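Residue numbers (the working numbering): -14 to 819.
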């Protein structure tokens, strides 16, 4: 043991001696330079992946690089400055490190709350450029001629670049962009043709398939003026610089032409849809403006917007994915707006190209300069005993040279990667396509071929393409890790997302099912599905008492439990039924959407129009109830039987309560005594597990209705698949724009795609509830329908009577005209007879 302690002590002393030596200092600086390069590389290469990679490890990696790259680089340069070693390569490393950190500004925010992050980045870069000049001047006498020239050139180019970045920052600043873009887009959109404008044949004058009269703004010259005492930013509809969506569809160039030709209809359609996505992105920004949260104020364009989605984006049943492609690209623009440095479509990339070419040439000149190729250390005057001239040599190879070359090559690679990413970004594609629309001289092969190549490549995917799954009844047994932590009085709720959920690729059948249900909604009227189930005789007014008066959280949870119970029951069906292809497809749709909606309630309640605390409270409370009630069940069959018993118990209690209430109300007692007896009856009957496990019993109640009234499992799952697809549409509209944008930084959510699609259809407000905070009861909805039918019938009678009256008037008018013509003929014939 003493020998081990002595060995450890000796190793510690040797380490301290090495760290304090010049070789140790040099090794530490080289290690920090390498780490700095890796941090900047992670920041540059992984930022764009945040769109489609929501894994915790990737988020941690990006967060660490985002947090530590500036401190590590600043510390490394400070260590170079304070070191006793005077190595001329230090200033080369410092120069390229500062250039690296300046090129890593494509990520402007880690999350939506980093509002002033881009300003801090610009300030840090300016400070580092000043410090870089100080370093170059400090080492000027020690630098070789080639190094001195290249470093001064790189510093000058850095000053030019930060000037270009500052100009771009001022034109694309997020706060300014929201306010300015809101005013431009709102004013421009508000001048669109209204729903009721028709042609001379009585037909509406817009066409969602050809985008006729859809003047969604893409780009245009902004003119500032004072109008009626207000300062407004106006874009002239008729100006040649203005590019609208309908102009893109009307473009005669091969790249955008609607008729087949060029590279085929598919390529032209994708390019047109790219421009459409940008126009929708500009409209979507209205929901993020500080003083405009919630609905669009274009009420006369609702029908037109609805037709755009249903009869335009979803017109082709064989290509329903087109709607998702348009929305995904739209949200890609939104991601860049909030989290990345993006090129403005109004600015030219020519200055950036010139600066990039100059930096590339200077970096290559430094890399292959004679002084670096034939580099050897020369003793430099410095303090101490000459240790400042030390090198790290490994098998005759100078490690300083290796680090220098790696830093320069890494900088060239990252600069090239970012510049190419800018060139092939959707922003640059839209800018070039707008110029293509404006300039007919571009409608030539020499311009179309490069543009076609440019638009062919996509740098990254737009979102993760997966959905999370959480099934409450499958988690009745706590995970062993949480059990372990509970022994130390630690709840470890942060681990719920990892331990209780799993991620799956979004099946096309599921995403298509949601869109098919959207097409079935007449005039954009999305409901919670109860009226549809009532008309199919699946639920009645008794069950509606359980389902009405619910906000999103309890309503979703009850149907989630009912769907899980039906799934347990399916395992007890015959093999032939379980293996039915249609049943399996409908089951997949229902179960995947049910699990996803439950996941939203439990772990992402911010994106649902519901109280966040209430959602989490209901899920956690019901999960504990399920553990208490089903804790002894060893199999899904046992759970199924217990839950069905609970559901039937709730039904019998409800029926008993209804019957006795009817008897009390028909008695001759006073009104006060009647209500007193009803209160006593409720406290007597509504006890036990039905009340103790409220949401669990309500879900079981719904499951019993489904199983009893839809005997065929195939029909049952067909109903559940349609119901959940519709419910996905029902919960998507919300005013939680910031919550959706926050989730985009971690891979995005499927509900965000539906939210953006419904926004394009002008379904932007949360679907209505009654004053008590829940959905309206069926009896009220049926009464309203009767009133509407009565009004419609009365209107029909009035119209019929008016038409009959008009017919009589026309008949009398014709008789009068005929009588007048007869008298006139007789008057003319009279003189002739005479």
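Beta carbons: idealized from backbone N, C-alpha and C, even for Gly. Owing to the predicted nature of the structure, the values given are computational and were not obtained by experimental measurement.
- Closest in alpha carbon position to residue 64, among 109, 16, 684, is 16.
- For secondary structure counted as the alpha helix (DSSP H) over 4 or more consecutive residues, the stretch 491 to 569 holds these complete runs in sequence order: 493 to 505, 515 to 520, 526 to 532, 537 to 555, 560 to 563.
- Cβ contact annotation for residue 309 (same chain, cutoff 7 Å, sequence separation greater than five): 496, 738, in chain order.
- By the neighbour-count definition (other C-beta atoms within 10 Å, threshold 16), residue 313 is a buried residue.
- Contact between residue 733 and residue 268 is ruled out by a C-beta separation of about 19 Å, above the 8 Å threshold.
- In this structure, residue 710 sits near residue 499, with a CB-CB distance shorter than 8 Å.
- Taking C-beta separations shorter than 6 Å and ignoring five residues to either side along the sequence, the partners of residue 562 in its chain run 698, following chain order.
- Residue 337 and residue 118 have their C-alpha atoms roughly 22 Å apart.
- By the neighbour-count criterion, in which 16 or more other beta carbons inside 10 Å mark a residue as buried, residue 590 falls on the buried side.
- Here residue 43 carries a helix assignment [DSSP, helix/strand/coil].
- Annotation: the stretch 627 to 682 contains the following complete segments of the alpha helix (DSSP H) (minimum length 4 residues), in chain order: 656 to 670, 674 to 677.
- Per DSSP, residue 486 lies in no beta strand (DSSP E) and is assigned neither H nor E.
- Taking C-alpha positions only, residue 680 is separated from residue 540 by approximately 9 Å.
- For the 8 Å CB-CB criterion, residue 315 and residue 741 form a contact.
- Between residue 82 and residue 62, the C-beta spacing is below 8 Å.
- Each residue's CA atom was taken as its position, placing residue 347 and residue 143 some 12 Å apart.
- Under the three-state reduction of DSSP, residue 202 is assigned to strand.
- Counting C-beta atoms within 10 angstroms of its own C-beta, residue 229 has 16 or more neighbours from the protein chains shown and is therefore classed as buried.
- In the three-state reduction of the DSSP assignment, residue 192 falls in the strand class, which pools E and B.
- Contact check for residue 583 against residue 545 passes: the beta carbons are separated by less than 8 Å.
- Your pair residue 261 and residue 311 checks out as a contact, with CB atoms roughly 6 Å apart and the cut at 8 Å.
- Under DSSP, residue 330 forms no beta bridge with any residue.
- DSSP lists 207 as the bridge partner or partners of residue 220.
- The DSSP-derived three-state label of residue 695 is coil.
- Looking only at 639, 435, 575, the smallest Cα-Cα distance to residue 668 is reached by 639.
- As the crow flies, the alpha-carbon of residue 127 is around 10 Å from that of residue 76.
- Put simply, the backbone Cα of residue 294 is about 8 Å away from that of residue 193.
- With three or more CB-CB distances shorter than 8 Å, the stretch 679 to 694 counts as touching the stretch 603 to 614.
- Apart from the 5 residues on each side of it in sequence, residue 68 sits with its Cβ closer than 6 Å to the Cβ of 10 in its chain, given in chain order.
- DSSP places residue 451 in the uninterrupted beta strand (DSSP E) bounded by 451 to 454.
- Across the set 213, 352, 79, 203, the C-alpha of 203 shows the shortest separation from the C-alpha of residue 231.
- Secondary structure at residue 335: helix, using DSSP grouped into helix, strand and coil.
- Measuring C-alpha to C-alpha distances from residue 620 to each of 587, 24, 782, 459 identifies 459 as the nearest.
- Distance between residue 643 and residue 662, taken at the CA atoms: about 13 Å.
- Scanning its chain for C-beta atoms nearer than 8 Å, with the 5 sequence neighbours on each side dropped, one finds around residue 300 the residues 193, 194, in chain order.
- Residue 685 is positioned such that its CB atom lies closer than 8 Å to that of residue 635.
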